[in-house]
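Numbering (our numbering), first residue to last: 105 to 195.
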Amino acid sequence: MQSLSAQAIEDLKAIEKIGGLEHLAQLSEELKKTMADEEQLRAVSPMLTPYFAELRKNLGFLLGTAKSLQTHGVNRTKDIQGLLDQLSHIK
105 MQSLSAQAIE DLKAIEKIGG LEHLAQLSEE LKKTMADEEQ LRAVSPMLTP YFAELRKNLG
165 FLLGTAKSLQ THGVNRTKDI QGLLDQLSHI K
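Written out as structure tokens, the structure reads:
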């Protein structure tokens, strides 16, 4: 169990390092700004406004999921480290 716990901690640390998503966040903000001028978007194509809205929604979901995954990685690392501490007292 200790070996698997140590390996799991390594996996969780990799999850904690998920990053580099700032360009996705910037794209989402840029889409939001562009959507503010719906008339111009409709002039280009009537499908752009709903397409941009759907893309923003999906990017938001992706960013939220990544942040949640990072948080879970941190919390589960603490949990497993606590388990290892408890197991070390049993020996």
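Think of the CB as a built atom: it goes at the ideal place given N, C-alpha and C, for glycine as much as any other residue.
Check whether the Cβ atoms of Ile122 and Gln190 sit closer than 8 Å, and answer yes or no.
Using a Cβ distance threshold of 8 Å, Ile122 and Gln190 do not count as a contacting pair.
Mapping the DSSP letters down to three states, classify Lys121 as helix, strand or coil.
coil
Quick one: is Leu131 buried, meaning 16 or more other Cβ sit within 10 Å of its Cβ, or exposed?
exposed
Here's a check: name, in chain order, each residue in its chain whose Cβ is nearer than 7 Å to the Cβ of Leu159, leaving out the five neighbours to either side.
Leu135
Taking only the alpha-carbon atoms, compute the straight-line gap between Leu166 and Leu188 and give it to the nearest angstrom.
Cα to Cα, Leu166 sits roughly 32 Å from Leu188.
Residues near Ala110 in its chain [Cβ-Cβ closer than 8 Å; skip 5 each side]:
Leu188
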